[in-house]
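Using my numbering, the first residue of the sequence shown is number 79, and each one after it goes up by one.
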Amino acid sequence: MRPFKYTRVSDANAAARAVTANPNAEFLAGGTNILDLMKEDVERPNELVDLTRLNLADIKAGPNGGVTIGALAKNTDTANHPLIRKSYPLLTQAILAGASGQLRNMATNGGNLMQRTRCQYFYDTAMPCNKREPGTGCGAREGLNRIHAIFGWSEKCVATYPGDMANALYALEAQVRVRNASGRERSIPIVDFHRLPGDTPEKDNNLERGELIVAIDLPKSNFANNYYYLKVRDRASYAFALVAVAAALDMDGGRIRQARVVMGSVAHKPWRSREAEAALSGKPASEQTFRSASEAALAGAKPLAHNAYKIELGKRAVVRALMRAARLI
Numbered sequence: 079m080r081p082f083k084y085t086r087v088s089d090a091n092a093a094a095r096a097v098t099a100n101p102n103a104e105f106l107a108g109g110t111n112i113l114d115l116m117k118e119d120v121e122r123p124n125e126l127v128d129l130t131r132l133n134l135a136d137i138k139a140g141p142n143g144g145v146t147i148g149a150l151a152k153n154t155d156t157a158n159h160p161l162i163r164k165s166y167p168l169l170t171q172a173i174l175a176g177a178s179g180q181l182r183n184m185a186t187n188g189g190n191l192m193q194r195t196r197c198q199y200f201y202d203t204a205m206p207c208n209k210r211e212p213g214t215g216c217g218a219r220e221g222l223n224r225i226h227a228i229f230g231w232s233e234k235c236v237a238t239y240p241g242d243m244a245n246a247l248y249a250l251e252a253q254v255r256v257r258n259a260s261g262r263e264r265s266i267p268i269v270d271f272h273r274l275p276g277d278t279p280e281k282d283n284n285l286e287r288g289e290l291i292v293a294i295d296l297p298k299s300n301f302a303n304n305y306y307y308l309k310v311r312d313r314a315s316y317a318f319a320l321v322a323v324a325a326a327l328d329m330d331g332g333r334i335r336q337a338r339v340v341m342g343s344v345a346h347k348p349w350r351s352r353e354a355e356a357a358l359s360g361k362p363a364s365e366q367t368f369r370s371a372s373e374a375a376l377a378g379a380k381p382l383a384h385n386a387y388k389i390e391l392g393k394r395a396v397v398r399a400l401m402r403a404a405r406l407i
């Protein structure tokens, strides 16, 4: 690990100012991702700005029946909070599917959204990676790409976003509240927070330099009764998904009023399938309906040399998640 300056701050504005002033500074919260990246020499900040003393860990009722969760609230505390368990159980399931108990006890909500890909070419500094070092090429494009994207990839990058929490937040249509160095706040719809790689895969999200996540706002949800988070992986714990599905249904008896289908580990960002949701709206909750939705969800997939299996796996995962959400199995 390279030497770095350690800075503690007293408020969110000071944190944003510190990172804005230094182009090589990074925020430090739980440290469960940034420190690993520094140890592997993938990230090389010369300053870490410690956020842990900021008052950004509250989880409380928000306006219009929603909930606000602080960016520095730990994943464990968020998943187990009574407001989240009661009104947003899909989020609880998604968080508890991620990482391990030890990591969830340290990881923060803001840091979870900011985590970087687990592509092996990104972590191996001997290999070319446009995300790590723009212009060097994408080792995974023609390499071993079993875990990589089947949606939204570009010639510059085929990596996937690895998180679980964000998949549920996409389904719940969250807003990410951020603050800049002058104290100005803005809200970013979660669907616009992360980016597809395009020609700039080094940019994971649409934050401006120095902007700090302060909270995540959840609107009132109609998906507290029929939901399921499915994570398919190589081993039962401490592994990232090959395919994940956040499924949520708003039911009127046996008929679906509205639905949310978000797939994880298939693109550079959580992949919400509005095609699948349209195929479900107004239809009876049945395996046949769910199979039609799964076909719609995976219709636009573009597999690489070693990950075509994700198409069939994705279809089956969508069906199973929806069957669980509808309580048919």
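All C-beta atoms in this analysis are idealised placements derived from N, C-alpha and C, irrespective of residue type, glycine included. Keep in mind the model is a prediction, meaning the values are calculated, not measured.
For residue i, count the other beta carbons within 10 Å of its own beta carbon; 16 or more makes it buried, fewer makes it exposed. Which is it?
i	result
Thr203	exposed
Ala139	exposed
Thr214	exposed
Gly392	buried
Ser315	exposed
Pro101	exposed
Ser260	exposed
Ser343	buried
Gln253	buried
Tyr387	exposed
Asp136	exposed
Met341	buried
Ser372	buried
Glu355	buried
Given residue i, which residues of its chain have a CB within under 6 angstroms of its CB, disregarding the five upstream and five downstream residues?
i	result
Arg224	His384, Asn385
Glu289	Val256, Asn258
Ala326	Leu168, Ala249, Phe301, Tyr305, Arg338
Ile407	Met401
Lys83	Glu125
Arg196	Pro240, Phe318
Can you list, in chain order, the residues of its chain with a C-beta nearer than 8 angstroms to that of residue i? Leave out the 5 residues immediately preceding and following it.
i	result
Pro212	Thr278, Pro279, Glu280
Gly230	Leu274, Pro275, Ala345, His346, Lys347, Trp349
Asp328	Asn300, Phe301, Asn304, Ile334, Arg335, Gln336, Ala337
Ile162	Ile137, Val145, Ile147, Thr156, Leu169, Thr170
Ala374	Ser351, Glu353, Ala354, Ala356, Ala357
So for residue i, helix, strand or coil by DSSP?
i	result
Lys117	helix
Val396	helix
Lys164	helix
Asp328	strand
Phe200	helix
Met341	strand
Tell me whether residue i counts as near the ligand FAD, meaning its Cβ is closer than 6 angstroms to at least one heavy atom of that ligand.
i	result
Ala357	Absent from the structure shown: the ligand FAD. Ligands present: none.
Sorted by chain position, which residues of the same chain lie with C-beta nearer than 7 angstroms to residue i's C-beta, five sequence neighbours on each side aside?
i	result
Ala96	Thr85, Val87, Ala103, Val127
Ala107	Leu129, Thr130, Leu150, Thr186, Gly188, Gly189
Do residue j and residue i count as a contact pair if the criterion is CB distance below 7 angstroms?
i	j	result
Tyr248	Pro348	yes
Val236	Arg255	no
Thr170	Ala157	yes
Ser165	Ser299	yes
Ala244	Asn187	no
Ala172	Asp242	yes
Ala90	Val292	yes
Phe368	Val397	yes
Glu118	Tyr201	yes
Ala227	Thr238	yes
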